[in-house]
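K.L.:
Numbering (the UniProt record's numbering), first residue to last: 1 to 625.
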């Protein structure tokens, strides 16, 4: 009989001699009693240390000492595990090296050994109670590493040690996902046997990382797909059949598509999800042979997907002419809208697919649909510069009089991108140029703001009222001035727009140009006799605003035009103090020099005017004598 005693004098175990042949086997038996791995156990016989290989052939009393693992020298254990040197790992563990101490980027010895597939080393580390779910800095566990690299025996060992099969790394990937992606069939079978979640996924880094079924379908691993489907994969309506089918169709994996279709034919939730997205995904990816196959299999051409998309819209959006024709021949609803209220005609027009637009117009698709902003069919092609599509829609008499929720008509969309051709097409059919939006602006404001010189010239031919102002009391001149469009500014000045009018805040165009530092515009306005000393409501002059903003060139221009550098605002702040407060030393220096020059000139004029007076007084005095 072998009797083992604790240091405290308490008897721990009494084991028959024939059940243990050596010290190592005895330590493994004692682990069940004390819960400590054999590498931390030390057995003493009369004070003498017994090695693991020592035979136990006679009855004896032994003393058990439990030692802690040490934290230092962790790199040695990781290196030994990486090399697969089992004897060195054994030696290091006997020397009390911690099996859970992490090396570079948080890699534990077990992760390294599992990654390289060193079975014996993994067994030793598991025996040393290494953390089977330890994560590195990327959230990867040993099971993830072994599954990724296809080490079946290691995966089996880790699963026996109760490794978490559903742990997700920082990229949203699971062990099942990596095994499926790399077609490790036996590992997939092991993980499914351990009841791994087949639809596990997580939204991370602004994109959906998809489950194992998607990974296997994308790579065309039909055997893995079959296993996953048998395990019930694809029940998630957001990331189930739809994404898997899309990946398989896009990659051209016919066998996988067949497996998915077979599973989707069942009258259950998974089957309904499949039928809802199958045709839509095939239409979206442009796989006409799959679309034809699905239609012949009885799929409804107008069945909407879980995202609210429809097959005809998906094909029209991408410009797949043959698929659109196929769906129309199958009597798909030509006016069926998506969840975002987009019809096939709107999708084709928005993306500039003229041939698809022509096909839909030929089957008399509805042209009266509007989006949530109240914009009709013409808006998107005008905004995106699709001239040919705009011409087709105008020929089909699309509505040009509709205004959106901001009170703007379709001509605003053309002016927004500066498309002269589209604007001319719209003007030729009589689009109203005097339409006023909610801010009391016409399309001339929009054209001036975007610097569309040719469009402004065309709009000015209709002789708009130069005195018309928007809700801020500003004319189109303000838009051109604010956005620094010199050519447009010149056109508007020639058309009779005034440079003297102030907005509702009392500011003038010259104030705006000086505040923004537009020297060339300020020079042009001064040439048009803009008022140099006109103040805004705060009493700020153009020179004051230029100094406050630190525009030395503009300030110099105004000083040369004899702007008064001493005029303060309503709070008593002069241009010099405004420049100093803003930290614009160069502008302040320029103003000081201008003031000094002005004082010298004043003194000179005073002397020049005083001399003739003295002469006249002297002559008068002499004449009196």
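Idealized CB from N, CA, C, for every residue including glycine.
Quick caveat, the model's predicted, so the values are computed rather than measured.
(1) Let me check understanding here. Comparing Cα to Cα, which of 437, 159, 490, 430 lies closest to residue 403?
(2) Just grab the DSSP bridge partners of residue 97 for me.
(3) Taking residue 134 as the reference, give the member of 13, 102, 45, 98 with the closest Cα.
(4) Figure out for me which residue from 445, 191, 13 has the closest Cα to the Cα of residue 231.
(5) Excluding five sequence neighbours on each side, which residues of the same chain lie with their C-beta closer than 7 Å to the C-beta of residue 169?
(6) Whose CA, out of 446, 503, 499, lies closest to the CA of residue 483?
(7) I need the boundaries of the beta strand (DSSP E) containing residue 42, first residue and last residue.
(8) Thinking just about the alpha-carbon of each residue, which of 303, 463, 547 is nearest to the one in residue 583?
(9) Based on the DSSP output, what are the partners of residue 14 in its beta bridges?
(10) Where does residue 1 land, buried or exposed, given buried means 16+ other C-beta within 10 angstroms?
(11) Between which two residues does the alpha helix (DSSP H) harbouring residue 293 extend?
(12) If contact is defined by three or more beta carbon pairs under 8 Å, each pair taking one atom from either stretch, is the segment 209-224 in contact with the segment 243-250?
(13) With DSSP collapsed to three states, give me the class of residue 497.
(14) Alpha carbon to alpha carbon, how far is residue 426 from residue 411?
(15) By the three-class DSSP mapping on this structure, what secondary structure does residue 207 have?
(16) For residue 178, does the three-state DSSP call read helix, strand or coil?
(17) Could you check if residue 413 is buried or exposed, using at least 16 other CB atoms within 10 Å of its CB as the buried criterion?
(18) In whole angstroms, what is the alpha-carbon distance linking residue 286 and residue 338?
(19) Could you pull out every unbroken alpha helix (DSSP H) segment of at least 4 residues lying fully inside the UniProt repeat "ANK" (538-570), listed in chain order?
(20) Can you tell me whether DSSP reads residue 55 as helix, strand or coil?
(21) Would you kindly work out how many angstroms separate the C-alpha atoms of residue 84 and residue 118, rounded to a whole number?
(22) Quick check on the DSSP output: the alpha helix (DSSP H) that includes residue 144 runs from which residue to which?
(23) Counting only the same chain and skipping the five closest in sequence on each side, list residues whose C-beta sits under 8 Å from that of residue 359.
(24) If you follow the alpha helix (DSSP H) that residue 219 is part of, which residue opens it and which one closes it?
(25) Skipping 5 residues on each side, what residues in its chain have a beta carbon closer than 6 Å to that of residue 204?
(26) Between 252, 94, 282, 180, which has its C-alpha nearest residue 233's C-alpha?
(27) Hey, could you find the ends of the alpha helix (DSSP H) residue 415 is sitting in?
(28) Starting from residue 476, follow the alpha helix (DSSP H) in both directions and report where the run begins and ends.
(29) Give the C-beta separation of residue 125 and residue 99 to the nearest angstrom, bearing in mind that I take them to be a contact with Cβ-Cβ under 8 Å.
(30) Alpha carbon to alpha carbon, how far is residue 479 from residue 440?
(31) Contact check, residue 357 vs residue 400 under 8 Å by CB: the rounded distance?
(32) I think residue 390 touches residue 422, with their Cβ atoms under 8 Å apart; what is that distance to the nearest whole Å?
(33) Between residue 176 and residue 283, what straight-line distance do the alpha-carbon atoms span, to the nearest angstrom?
(34) Check the DSSP bridge columns for residue 62 and list the partner residues they point to.
(35) So who's on the other strand from residue 522, going by DSSP bridges?
P.N.:
So, from the data block:
(1) Here residue 403 corresponds to residue number 403 of the chain shown, with the count starting at 1. Minimum Cα distance to residue 403 is reached at 437.
(2) Within the chain shown, residue 97 is the residue found at index 97, counting from 1. Paired residues: 70.
(3) Locating residue 134 in the chain shown gives position 134, where the first residue counts as 1. The shortest Cα separation from residue 134 among 13, 102, 45, 98 belongs to 102.
(4) As a working note, residue 231 is residue 231 in the chain shown. The shortest C-alpha separation from residue 231 is found at 191.
(5) As a working mapping, residue 169 is identified with position 169 in the chain shown. Within the same chain, residue 169 has close Cβ partners 138, 139, 140, 144.
(6) On the chain shown, position 483 is the one that residue 483 refers to. The candidate whose alpha carbon is nearest that of residue 483 is 446.
(7) Residue 42 sits at position 42 when you count from the first residue of the chain shown. Taken as a continuous stretch (DSSP letters only), the beta strand (DSSP E) holding residue 42 covers 41-45.
(8) The count along the chain shown starts at 1 and reaches residue 583 at position 583. Closest option to residue 583, Cα to Cα, is 547.
(9) Indexing the chain shown from 1 puts residue 14 at position 14. Its beta-bridge partners are 3.
(10) In the chain shown, counting from the first residue as 1, residue 1 sits at position 1. The residue in question, residue 1, is exposed, as its Cβ has fewer than 16 Cβ neighbours within 10 Å.
(11) Position 293 of the chain shown, counted from the first residue, corresponds to residue 293. Segment 288-296, the alpha helix (DSSP H) holding residue 293.
(12) yes
(13) Residue mapping note: residue 497 aligns to position 497 of the chain shown, counting from 1. Residue state, collapsed to three classes: coil.
(14) In the chain shown, counting from the first residue as 1, residue 426 sits at position 426. In the chain shown, counting from the first residue as 1, residue 411 sits at position 411. For residue 426 and residue 411, the distance between alpha carbons rounds to 7 Å.
(15) Numbered from its first residue, the chain shown carries residue 207 at position 207. Because the pLDDT of residue 207 is 37, which lies under 50, any placement of that residue in the model is unreliable, and the question is left without a value.
(16) As a first step, residue 178 is located in the chain shown; it is residue number 178 there, counting from the start. It is helical.
(17) As a first step, residue 413 must be located in the chain shown, where it is residue number 413. Answer is buried; the Cβ neighbour count reaches 16.
(18) Taking the chain shown and counting its residues from 1, one reaches residue 286 at position 286. Taking the chain shown and counting its residues from 1, one reaches residue 338 at position 338. Taking the straight line from one Cα to the other gives about 19 Å.
(19) 542-549, 552-560
(20) Taking the chain shown and counting its residues from 1, the one referred to as residue 55 is at position 55. In this structure, residue 55 counts as strand in the three-state DSSP scheme.
(21) What you label residue 84 is simply residue 84 of the chain shown in a count that begins at 1. What you label residue 118 is simply residue 118 of the chain shown in a count that begins at 1. Roughly 5 Å separates the two Cα atoms.
(22) In the chain shown, counting from the first residue as 1, residue 144 sits at position 144. Taken as a continuous stretch (DSSP letters only), the alpha helix (DSSP H) holding residue 144 covers 142-149.
(23) Locating residue 359 in the chain shown gives position 359, counting from the first residue. Closer than 8 Å at the Cβ level, and outside the excluded window around residue 359, lie 321, 324, 325, 328.
(24) Taking the first residue of the chain shown as position 1, residue 219 is located at position 219. Its alpha helix (DSSP H) spans residues 212-219.
(25) As a working note, residue 204 is residue 204 in the chain shown. Because the pLDDT at residue 204 is just 45, under 50, the model does not fix this residue reliably, and the point stays unresolved.
(26) Residue mapping note: residue 233 aligns to position 233 of the chain shown, counting from 1. It is 180 whose Cα lies nearest to the Cα of residue 233.
(27) Locating residue 415 in the chain shown gives position 415, where the first residue counts as 1. Counting along the chain, the alpha helix (DSSP H) containing residue 415 begins and ends at 410-417.
(28) Locating residue 476 in the chain shown gives position 476, counting from the first residue. Segment 476-482, the alpha helix (DSSP H) holding residue 476.
(29) To locate residue 125, count along the chain shown from 1; it is residue 125. To locate residue 99, count along the chain shown from 1; it is residue 99. Correct: roughly 5 Å between the Cβ atoms.
(30) As a position in the chain shown, residue 479 is number 479, starting the count at 1. As a position in the chain shown, residue 440 is number 440, starting the count at 1. So the alpha carbons of these two residues sit roughly 14 Å apart.
(31) Here residue 357 refers to the residue found at position 357 of the chain shown. Here residue 400 refers to the residue found at position 400 of the chain shown. Actually they do not touch by this definition, with Cβ atoms about 16 Å apart.
(32) Start at 1 with the first residue of the chain shown, and residue 390 comes out as number 390. Start at 1 with the first residue of the chain shown, and residue 422 comes out as number 422. About 5 Å; that satisfies the 8 Å criterion.
(33) Counting from 1 along the chain shown, the entry for residue 176 is found at position 176. Counting from 1 along the chain shown, the entry for residue 283 is found at position 283. Their backbone Cα atoms lie some 30 Å apart in a straight line.
(34) Here residue 62 is taken as the residue at index 62 of the chain shown, counted from 1. In the DSSP output, where bridge partners are listed per residue, residue 62 has 4.
(35) Numbered from 1 along the chain shown, position 522 holds the residue referred to as residue 522. Its beta-bridge partners do not exist; DSSP assigns none.
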